[in-house]
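One structure is given here, and the rest of the page talks about it.
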Amino acid sequence: MRVRFLGTGTSFGVPVIGCDCATCRSPDPRDRRTRHGLLIETGGTRLLVDTPPELRLQLLKAGIARLDAVFLSHEHADHTHGIDDLRVFSLRQRRPIPLYVAREFDAGIRRRFSYIWGDARPQPGSAVPRLDLTLFDDRDIIEPGGLALQVVALPHGAYRSYGFRLGGLGVLIDAKSVPEDAMEVFAGVDVLVTNALWFGDPHPGHFSMEEAVATARRLGAARTYITHIAHRTTHEEIERRLPAGVAPAYDGLVVEL
Ligand SMILES: [Zn+2]
Ligand SMILES: [Zn+2]
Ligand SMILES: [Zn+2]
Numbered sequence: 265m266r267v268r269f270l271g272t273g274t275s276f277g278v279p280v281i282g283c284d285c286a287t288c289r290s291p292d293p294r295d296r297r298t299r300h301g302l303l304i305e306t307g308g309t310r311l312l313v314d315t316p317p318e319l320r321l322q323l324l325k326a327g328i329a330r331l332d333a334v335f336l337s338h339e340h341a342d343h344t345h346g347i348d349d350l351r352v353f354s355l356r357q358r359r360p361i362p363l364y365v366a367r368e369f370d371a372g373i374r375r376r377f378s379y380i381w382g383d384a385r386p387q388p389g390s391a392v393p394r395l396d397l398t399l400f401d402d403r404d405i406i407e408p409g410g411l412a413l414q415v416v417a418l419p420h421g422a423y424r425s426y427g428f429r430l431g432g433l434g435v436l437i438d439a440k441s442v443p444e445d446a447m448e449v450f451a452g453v454d455v456l457v458t459n460a461l462w463f464g465d466p467h468p469g470h471f472s473m474e475e476a477v478a479t480a481r482r483l484g485a486a487r488t489y490i491t492h493i494a495h496r497t498t499h500e501e502i503e504r505r506l507p508a509g510v511a512p513a514y515d516g517l518v519v520e521l
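In this note's numbering, the protein residues as written are 265 to 521.
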């Protein structure tokens, strides 16, 4: 299995518009983080996790011309507002693209992108993304592209987000914690992908680096990659401060397992 980090920044991205902090001025390409996107490739199947605003640029950079299925972790703008970039895939592949969304976000997704699911038909000569929506509930096992993902609802401040386990891979995106009764789902993963914003003060909706490291330890993850990172600290410094077995991801990083 191959995990490709398309975007590893928090909702503002890095650099942040108008910011002149050391990270936002950094010449290190790893300090240029687009919004969260992840691509999982295994056994000839390609699953996209989230459709961030920079999706088109991310997929061009990664040379991706085909997608088998898409999983949305939750409906926040930084994870969904690139959904229109799925249009080229349904056009070229001549079929709707399977899209997996938690049942609790069904109404919200349809409202946000009413042009996709509403009654208005596109003008002749234009198109909207054709998406085949499958709804899931907490702890369901879903099969996007034939892969078996066990989904887990994760506390995300006043909201929830959805992570999953797929074989030796665990994905925690926009989590503040893992529910106690879901720890076993992620126990002993080879690779854990988890969000974390920064070192230090806790955020109501996201792991801090310390919280992410503690969670990875409890789950017994062999390797952990941090994503959804804010601009407070440079990549180089994050790398230096994280313990062995835990590393910051960066846009373009590919991990094999
Ligand atoms: Zn987010
Ligand atoms: Zn900055
Ligand atoms: Zn979020």
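All residues carry an ideal CB built from backbone N, CA and C; glycine is no exception.
Residues sharing a beta bridge with residue i, DSSP
| i | result |
| --- | --- |
| Arg299 | Gly273 |
| Tyr364 | Phe335, Thr398 |
| Val313 | Leu302, Phe335 |
| Val352 | Paired residues: none, contrary to the question. |
| Pro512 | Ile490 |
| Val392 | DSSP lists no partner for Val392. |
Helix, strand or coil at residue i [DSSP, three-state]
| i | result |
| --- | --- |
| His492 | coil |
| Thr498 | coil |
| Pro588 | With the chain covering 265 to 521 only, the question about residue 588 has no answer from this structure. |
| His420 | strand |
| Glu318 | coil |
| Gln414 | strand |
| Phe428 | strand |
| Arg330 | coil |
| Arg504 | helix |
| Arg266 | strand |
For residue j and residue i, believed in contact at Cβ under 8 Å, the rounded distance
| i | j | result |
| --- | --- | --- |
| Arg297 | Thr272 | 5 Å |
| Tyr426 | Val416 | 7 Å |
| Ala412 | Tyr364 | So it is not a contact: roughly 12 Å between Cβ atoms. |
| Arg522 | Val449 | Nothing about residue 522 can be reported from this structure: the residues present for the chain run from 265 to 521 only. |
Cutoff 8 Å: residue i Cβ touching any chain C Cβ
| i | result |
| --- | --- |
| Val457 | Of the protein chains in the structure, only one exists, and it is not chain C. |
Exercise for the section: Could I get the ranges of all uninterrupted alpha helix (DSSP H) runs contained in the segment 432 to 483, with 4 residues as the minimum, in chain order? Expected result: Complete alpha helix (DSSP H) runs here, min 4: 447 to 450, 473 to 483.
Practice task
Kindly confirm or deny that the segment 499 to 507 and the segment 299 to 312 touch, where touching means at least three C-beta pairs closer than 8 Å.
Solution key: They do not touch, by the three-pair rule.
Practice task
Mind the definition here: the segment 389 to 401 touches the segment 365 to 377 only if three or more C-beta pairs lie below 8 Å; say whether that holds.
Solution key: Yes, since at least three Cβ pairs between the segment 389 to 401 and the segment 365 to 377 fall closer than 8 Å, the two stretches touch.
Exercise for the section: Please determine if the segment 379 to 392 and the segment 434 to 443 are in contact, where contact requires at least 3 C-beta pairs separated by less than 8 Å. Expected result: The segment 379 to 392 is not in contact with the segment 434 to 443.
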